[in-house]
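Presented below is the structure to which this report refers.
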Amino acid sequence: MSSRVIRKLHGDKNLEIPGASLAADGESDGAEDQDIALTFTGGAKKKTNINPFDLLLDESNSPSESEGQAEENHETEASLAQADQTGQDAAKRKKKKKRKKSTRQHQNARSSEDNVEDDEVERSVKEVNRILGEAAPAPSTNHDCTMAGFSSRKCSLGVEHKHLNPSNELKRIFGSKIIQAETRKKRNQRVRTLKSTWLVTAKENWPQIGNQGLSMKLLETKDGITYFTLDHNRAYQDVENNFLAAVESLSPDNIVAVMNMHPYHVNSLLQLSDICRLNEDLPMAAELVERALFALECAFHPSFNVALGTCRLDYKRQQNRSLYVALFKHILFVGGRACYRTALEFCKLLLALDPEQDPLAIILAMDFYALRAREYQWLIDFFEEWEPQRNLSQLPNFAFSVALAHFQLSQNGSGDSSLADKMLQDALIMFPGAFQQLLDKCSVVVDSKMSAHPFFTLEANKNESQALGQLIQLYVIQSYHVWKEPELLPWLQRNAHIVLDRVTANDPVITEAERKRGIRYAGTPPRNILRYIFLCDRKDFTPQGLPANQLGPIMSLDPLPPSDSIDLYTRPQRSRLPIETNVFTNFFRSLLPHFNIDEPEVNENPEEGQEDGGVLNDVTARVRTLMESVRDLMASLTHDSDANESEGDETDTA
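Following the numbering used here, the numbering of the sequence shown begins with 27 at its first residue and continues without gaps.
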C-alpha cells in the first residue's frame, strides 16, 4: 500500500511513514508496504464514511507512487471533506469509483516498476528480431471463424447471440416502450432467477431446474469439427419409457402426470405443445417449446458453442432428435410472430448441427426468412458458398429467392439488375409450374399472350414428378407473400414475356431444362423433405409419397426415423383384445380405409353400443380434458413457486 493511501486512511497528511525512504527499491518497497499495513492495522482511528476498500480503488486508479506532494495533499484534503458528507453520498461515490475501476484499471494500474520491466522486455524482443529478422504480422480473423482452417462455408452458419432473442427484434420493430410495458408492470414483483441461457429466456413462473438426468457428451474432434451426443442416465430412461407408455395409452391424464412429476422432461413438453397448438392455444404451445429448449440447453456440454457453427449432433441417434424437433418448432413460433431475423438465426443453428444431411430440410425455409428479414446480401453469399456442394439452384425456393435478392439490391443501387433478370429467367425456365401458381396466389390476371401460351400451363406439368410438384407447391404456399410488393409482380411478368420469346425461338436451354426435370426429380421426395412437410403441418398442403416401408402412425416427436437409426427406446405395444369375426363383420370392415384382411381385428373399445360419432366425440373430450389439465398444471407450478418463496421469506424474517 502506498504512503499516500496510508495518510488518507489515517487522516494525517504529516504522518511519518517508517521505511518510506526505501520506496525506490522495487523488492523492498513491496516488503515495506506489507510491514506498514500490518503495523497500522490495530492503531487506525475510526473515521466515519471512510471505507478502506475505497482506498484500494484509489490506489488501483492512481497513476504512480511517484506523484507530487501537492497532488497527495490535495487528495487528502478532498478525502477529509468527503468524510463529513452523508452516507448516501458515500454510497454514490463508491459506485462511481467501482465503475471507474472496471473501465480504467487495465490502463492506469501499472506502476513505474512495471514500466521498467516492459522496457526490458521490449529491448529483448527487438534484439531477437534484429538477429532472426522481423516476424510476419498475424492475419486478422473473424469472430465467427476463430478456428484454424475454418472455411467461409462454415462461417455462413455462425450465430450471433443478440439475434437469438425475439424481444430484441420486436423492440426494433415496435419500439422498446411498447415491448417493455409488461416488464414495467412486473417491476415491483419478486423475480426468481433461473440459469442464463442463449436460446431462450427463462420465465419467472418456471420451476427451478435441477439434475434431470439429461446431459451431453463429447465424442470426438476431427478437422476442426466437434461431435457431440445427448445422453440419458438410467433415471431419465425410466421417465422416457413412462412417457412412451402414456402416449400409447391415448390417455391425456397419463401424459400430464409425467410432466407433473418431471416438469422439464423434453418429449412431454413437446407432445403437450402439439396438443395445445391443435387446440389453437398458441401462446401455451410456444412456451412449452421454449421450456423444452431451456432444459436442453442446460444439458449442453461446456464446449458446445452454437455461435461458431462447428458443433455436430448425429440425427441417427434417437436421443439427439429432440433438439432438432424443438428447434424446428421454435422457428415456426418465432416466425409466426414476424421475428424473421430471429427465425433465420435459429435456422442457421439448426442447419449447423448436421449441414451435410440436413435431416429436417430446414434449407427450404432459410431463403424465406432471409428475404423477410431483408438479409439480401447474406442470402446471396450463402448461395454462392453452398452452390458448388449442394446445387441449391436445383431447389425452386433458392432459384427464385436469390434472383429476388439480387433485384432488391439493384433497387437500392448496390446490385446488378441484369444478373437478377437472368437468374429469374433461368428459374422460370427450370420451374415453369411455379409461375401460374404465384399469380393465382397473388390474385393477378395475366395478359392474353401468357394465358394462351402452353409453356406455363400444359408444358409446366410435363415431366414434372411428384417430388418436384410438392417442392414447387410448398415454395408458393410459404413465399407468395414476398411477391406481393408493387415492384415485384411487373418485374416477374416482364421476364416471363422474355422467356416466352425464347421458347418461341426454340432456345436449346428450354429443351435442356426439360430433360433435367425428367431426370433429377424422379421418384418420391427424400425423407428429410417429408419430415419438413410433416412438421410444418400446413392445412393447405398435404404430403404425398410416404416411404413404402413406413408402418404405423407418424409421431411428431420423431417423424420418419432414418433407416439406419440408432435407437435407445422402442415404442411399447398397446394391449389388444381380439374379437370374433365373421363374413358380415369383414365386409363392413372392408369399407374402412387401410383395411387388411390378414391383420386381425382388435377391440380398441370394449364398450358396446357406441355410435359412429362416438370415437370423434371421445377424442375431442380427451383433448379438452388434456388442455384443462395442462393449464391447471402450469398454474399450480406458479402457485407452488410463490408459496415456496413466501415460506422462505417468513423463515428469513424469523
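Glycine included, every Cβ here is placed at the ideal spot set by N, Cα and C.
query	result
Ranges of the alpha helix (DSSP H) found wholly within the segment 487–537, counting only runs of at least 4	492–505 and 514–530
S241, DSSP secondary structure in three states	strand
For A63, three-class secondary structure by DSSP	Residue placement at A63 cannot be trusted, given a pLDDT of 40 that sits under 50; what the coordinates show is reported in the next sentence. Three-state DSSP puts A63 in a helix.
Supposed close pair G335, A378 - CB separation, criterion 8 Å	4 Å
Coil, strand or helix - Y262 by DSSP	helix
Residue span of the alpha helix (DSSP H) that contains L561, given as start and end	R553 to C562
Other residues of its chain near E316: CB distance less than 6 Å, five sequence neighbours each side excluded	V226
Short Cβ contact (8 Å threshold) for F354 with L319	no
Nearest residue (CA-CA) to R416, options Q462, H291, L244 and E382	E382
Alpha-carbon to alpha-carbon, C365 and Q462	29 Å
Bounding residues of the beta strand (DSSP E) (the contiguous stretch that carries L339)	C337 to L339
Beta-bridge pairing of E246 - partner residues as DSSP gives them	Y253
Residue-level contact to chain C via CB, K542, 8 Å cutoff	Among the chains in the structure shown there is no chain C, since it carries only a single protein chain.
Beta-bridge pairing of I199 - partner residues as DSSP gives them	Paired residues: none, contrary to the question.
Inter-residue spacing [alpha-carbon to alpha-carbon] between S443 and N521	12 Å
Reduced DSSP secondary structure (H/G/I, E/B, other) of R343	strand
Residue environment, M287, which counts as buried when at least 16 other CB atoms sit within 10 Å	exposed
Classification of V332 by the beta-carbon crowding that lies within 10 angstroms, buried from 16 upward	buried
Simplified DSSP state of S166, which is helix, strand or coil	In this predicted model, S166 has a pLDDT of only 38, less than 50, meaning its place in the structure is not dependable; the value taken from the coordinates is given anyway. DSSP places S166 in coil when its eight states are reduced to three.
Nearest-angstrom beta carbon gap, A429 and L450 [assumed within contact, 8 Å]	4 Å
Between the CA atoms of E371 and H432 - distance to the nearest angstrom	21 Å
Length of the line joining the Cα atoms of A493 and V525	24 Å
C-alpha gap between K467 and A460, whole angstroms	11 Å
Cβ pair G361, Y395 closer than 8 Å	yes
Euclidean distance between Cα positions of K229 and F482	52 Å
Cβ shell of L349 (< 6 Å), same chain only, five flanking positions each side left out	L322
Q415, enclosing alpha helix (DSSP H) - first and last residue	Y402 to R416
The segment 272–292 in contact with the segment 230–239 per 3-pair CB rule at 8 Å	yes
Sheet register partners of I592 (DSSP bridge)	R343
Pick from W232, Q344 and R543 that is closest to T596, judged by C-alpha positions	Q344
Cα-Cα separation between S589 and N554, rounded to whole angstroms	12 Å
Beta-carbon proximity check, L405 vs L418, cutoff 8 Å	no
A312, buried or exposed, once every other Cβ within 10 Å from all chains shown has been counted against 16	buried
Helix, strand or coil at N231 [DSSP, three-state]	coil
Own chain, CB closer than 8 Å to L642, minus 5 neighbours either side, in chain order	Residue confidence for L642 is low, a pLDDT of 45 falling below 50, so the modelled location carries little weight; the figure read from the coordinates is stated next. So the list is empty, once near-sequence residues are dropped.
Own chain partners of F408 with C-beta closer than 7 Å, once the 5 adjacent residues on each side are dropped	S182
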